[in-house]
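Report on the following structure.
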Amino acid sequence: MSDTGYDEWLAAIADGEGYYLACPDGHGSLPPRRSCPHCGAAELTEEPLPETGEVLTFTEVHVPAPNFADEAPYVTAIASFGPVKLTGVVRELPADEVDLGATVSAAVGTNATTDEQLLVFRPASE
Amino acid sequence: MTDVRIAGVGLTKFGSHPERTGRDLFAEAALAAREDAGVSRDDYEEIFYGNFMGELAEKQGHQGPVMAEAAGLDCPATRYEQACASAGVAFRQAVAAIRSGAADVVLAGGMERMNNLGTAEVTQSLAIAADELFEVRAGVTFPGAYALMARAYFDAFGGDSEDLAHIAVKNHANAMHNDYAQFHREITVDDALESPVVADPLTLYDACPITDGASAVVLVSDDYAERHGLDAPVSVTGSGQGGDKAALQDRPHLARTPAATKAADAAYADAGIVPDEVDVAEVHDCFTIAEVLALESLGLYDHGEGVGAAARGETTRDGDLPVNLSGGLKAKGHPVGATGTAQIVEMTKLLRGDHGNSDAVPDARVGITHNAGGTVASAVVHVLEVDR
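Chains as they are written, first to last, in UniProt numbering: chain A, 1 to 126; chain B, 1 to 388.
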């Protein structure tokens with residue numbers, strides 16, 4: 001299955017050229033969008049995604065859905081990257097070392113169960 | 001505007017009934033509600049029916065006509081899908097139909113069959129209420145989403161897993177007096193804290209069970225009730241619905257549920273009440289943290305104050321504001337597409353005095369129900385008042 005807009009966005013992150021969509025009022029959102037979800041503005045431009053983000057919350061999932069059966073337990077986090085927040089699976093960091101406020105970078109990894117690409121976070125220095 | 005009265009209510013026993021078809025579950029609840037109402041079959045004008053995952057559980061779409069047959073009625077029937085708030089929005093549309101004068105007698109209800117799927121399949125099925133691109137693909141399960149909110153709550157406002165355990169203990173205790181509840185088993189704070197982790201910081205006892213069940217409510221206009229001499233002391237005086245971004249990542253606060261605030265503010269204004277007037281509440285505690293978020297969003301507690309309410313004994317059976325006397329989703333059970341109208345059934349019985357826990361609220365006049373979809377990207381609030 002391909003998902004136009006999302007697939008290109010994920011590919012850009014994999015290439016280290018991640019972006020988000022900004023409206024004239026500075027609200028951030030992620031594609032595919034035709035209007036700003038926060039104010040409805042139709043003029044959206046691609047802006048570079050900040051290189052690092054801050055973990056706002058996370059959970060170690062012990063009971064997975066079938067699409068993550070081979071990953072469990074795994075850590076899913078929400079991290080703030082400037083005007084947008086991203087949700088991803090934390091990689092290269094043991095669960096007990098994930099902390100609120102930790103600095104991470106966004107990248108693309110592979111889901112071990114489905115072999116599909118997914119958004120991942122890796123530890124980064126500020 | 002026509003006033004809306006609840007003429008009859010019906011439930012199946014909630015629990016694990018993997019062998020029972022959805023149509024059989026709904027038939028039981030609908031027939032119970034019809035018998036309770038005592039309204040002539042020919043007078044039913046429309047059915048508003050909630051169901052979330054029927055395509056996945058039973059490979060059955062187009063459930064409206066199937067459920068009209070099951071209910072023994074010959075009238076149009078429409079299915080509403082709004083994740084775990086499916087029956088709540090169905091009920092809200094039923095209220096609107098009566099208020100507008102379009103109908104005098106309608107049936108609202110919901111059904112979910114879940115246990116014929118395994119835990120893994122149910123987990124996958126429930127996850128479709130989250131944002132597929134940005135959450136499900138990043139491993140967000142339904143418990144995982146609420147775990148993300150719980151950790152964000154602890155960070156923003158304080159509170160801990162022991163506070164949440166008190167909510168589970170309270171709701172299990174309440175379910176002891178509800179014949180229709182899935183669990184009739186008291187638990188302790190230690191039981192909850194020592195149960196297996198599902199998605200940290202949430203454990204098994206922070207989560208509602210997987211439930212099969214159905215619920216139904218007969219709504220009539222005030223005028224119809226009077227003309228037919230119906231005993232219908234409970235009125236629906238307020239209705240409100242609120243929405244939010246589907247994905248947590250697109251919301252400004254991860255530990256607040258403003259959709260419920262919007263729904264509550266609209267319902268309170270509709271009913272002409274303020275939160276202080278609420279005597280009893282049934283809220284959507286799919287996870288213990290969800291009860292906390294609900295109490296705060298409904299204006300019953302300030303942000304940061306709701307987490308300790310059960311531990312302080314304020315929302316227990318003997319407290320000033322009993323919450324989830326039914327046992328809540330936690331212990332009564334959560335057949336997701338049936339929960340919204342199940343809450344209406346429980347509140348109606350609590351107010352009119354024929355619930356196992358009515359003796360805890362003998363003077364209650366105003367009750368509210370709060371039904372949420374996803375991580376409260378949808379919320380529906382209703383105000384019920386009883387003639388005293």
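Each residue gets a CB set at the ideal place from its N, CA and C atoms; glycine is no exception.
9 Å Cβ cutoff, residue i in contact with chain A
{"i": "L148 of chain B", "result": "yes"}
{"i": "D206 of chain B", "result": "no"}
{"i": "A247 of chain B", "result": "yes"}
{"i": "A202 of chain B", "result": "Reading off the sequence shown, one finds Leu at residue 202 of chain B, where the question assumed Ala. Closer than 9 Å to some Cβ of chain A, the Cβ of L202 of chain B qualifies, so yes."}
{"i": "D43 of chain B", "result": "no"}
{"i": "P209 of chain B", "result": "no"}
{"i": "P196 of chain B", "result": "yes"}
Neighbour-count burial assignment, residue i, 16 or more Cβ in a 10 Å radius
{"i": "G72 of chain B", "result": "exposed"}
{"i": "H382 of chain B", "result": "buried"}
{"i": "T188 of chain B", "result": "exposed"}
{"i": "E186 of chain B", "result": "exposed"}
{"i": "M1 of chain A", "result": "exposed"}
{"i": "D163 of chain B", "result": "buried"}
{"i": "T119 of chain B", "result": "exposed"}
{"i": "T339 of chain B", "result": "buried"}
{"i": "S100 of chain B", "result": "exposed"}
{"i": "G327 of chain B", "result": "buried"}
{"i": "V274 of chain B", "result": "exposed"}
{"i": "T110 of chain A", "result": "exposed"}
{"i": "E92 of chain A", "result": "exposed"}
{"i": "M1 of chain B", "result": "exposed"}
{"i": "A281 of chain B", "result": "buried"}
{"i": "R23 of chain B", "result": "buried"}
{"i": "K349 of chain B", "result": "buried"}
{"i": "S378 of chain B", "result": "buried"}
{"i": "P335 of chain B", "result": "buried"}
Residue i - containing beta strand (DSSP E), residue span
{"i": "N174 of chain B", "result": "Element bounds for N174 of chain B: not the beta strand (DSSP E) but the alpha helix (DSSP H), S161 to A175."}
{"i": "F58 of chain A", "result": "G53 to V61"}
{"i": "F48 of chain B", "result": "E46 to G50"}
{"i": "R99 of chain B", "result": "Run containing R99 of chain B: none in the beta strand (DSSP E); it sits in the alpha helix (DSSP H), S86 to R99."}
{"i": "T110 of chain A", "result": "T103 to T110"}
{"i": "I368 of chain B", "result": "V366 to G373"}
{"i": "A379 of chain B", "result": "S378 to V386"}
{"i": "T87 of chain A", "result": "V84 to V90"}
{"i": "L21 of chain A", "result": "Y19 to A22"}
{"i": "R122 of chain A", "result": "Q117 to P123"}
{"i": "E132 of chain B", "result": "Counting along the chain, E132 of chain B falls outside any beta strand (DSSP E), and DSSP gives it neither H nor E."}
{"i": "S80 of chain A", "result": "Y74 to F81"}
{"i": "L63 of chain B", "result": "Checking the displayed sequence, the identity of residue 63 of chain B turns out to be Gln instead of Leu. Careful: Q63 of chain B lies outside any beta strand (DSSP E), inside the alpha helix (DSSP H) at Q63 to A70."}
{"i": "L219 of chain B", "result": "G213 to S221"}
Amino acids of chain A, ordered along the chain, whose beta-carbon sits closer than 8 Å to that of residue i
{"i": "A199 of chain B", "result": "T59, E60, V61, H62 and V63"}
Where residue i meets chain B, residues with beta-carbon distance less than 8 Å
{"i": "T76 of chain A", "result": "A138, G139, V140, G144 and L148"}
{"i": "E71 of chain A", "result": "G139"}
{"i": "Y6 of chain A", "result": "L133"}
{"i": "L118 of chain A", "result": "R137, A138 and G139"}
Cβ of residue i within 9 Å of any chain B Cβ
{"i": "L30 of chain A", "result": "yes"}
{"i": "A124 of chain A", "result": "no"}
{"i": "V89 of chain A", "result": "yes"}
{"i": "P66 of chain A", "result": "yes"}
{"i": "D115 of chain A", "result": "no"}
{"i": "D15 of chain A", "result": "no"}
Continuous alpha helix (DSSP H) stretch holding residue i: start and end
{"i": "R79 of chain B", "result": "Careful: R79 of chain B lies outside any alpha helix (DSSP H), inside the beta strand (DSSP E) at A77 to Y80."}
{"i": "E58 of chain B", "result": "G54 to E58"}
{"i": "A33 of chain B", "result": "G22 to A37"}
{"i": "R151 of chain B", "result": "F142 to F157"}
{"i": "S125 of chain B", "result": "T119 to A127"}
{"i": "V345 of chain B", "result": "T339 to R352"}
{"i": "S297 of chain B", "result": "T288 to S297"}
Interface residues of chain A facing residue i [CB-CB closer than 9 Å]
{"i": "L254 of chain B", "result": "L56, T57, I78 and K85"}
{"i": "D250 of chain B", "result": "S29, L30, P37, H38, V84 and K85"}
Proximal residues, the region 115 to 149 of chain B versus chain A, C-beta separation under 8 Å: T119, A120, E121, T123, Q124, A127, L133, F134, E135, V136, R137, A138, G139, V140, T141, P143, G144, A147, L148 and M149
Proximal residues, the region 146 to 176 of chain B versus chain A, C-beta separation under 7 Å: A147, L148, R151, A152 and D155
Proximal residues, the region 26 to 50 of chain A versus chain B, C-beta separation under 9 Å: S29, L30, P32, P37 and H38
Contact list for the region 87 to 112 of chain A against chain B, Cβ threshold 7 Å: T87, G88, V89 and L100
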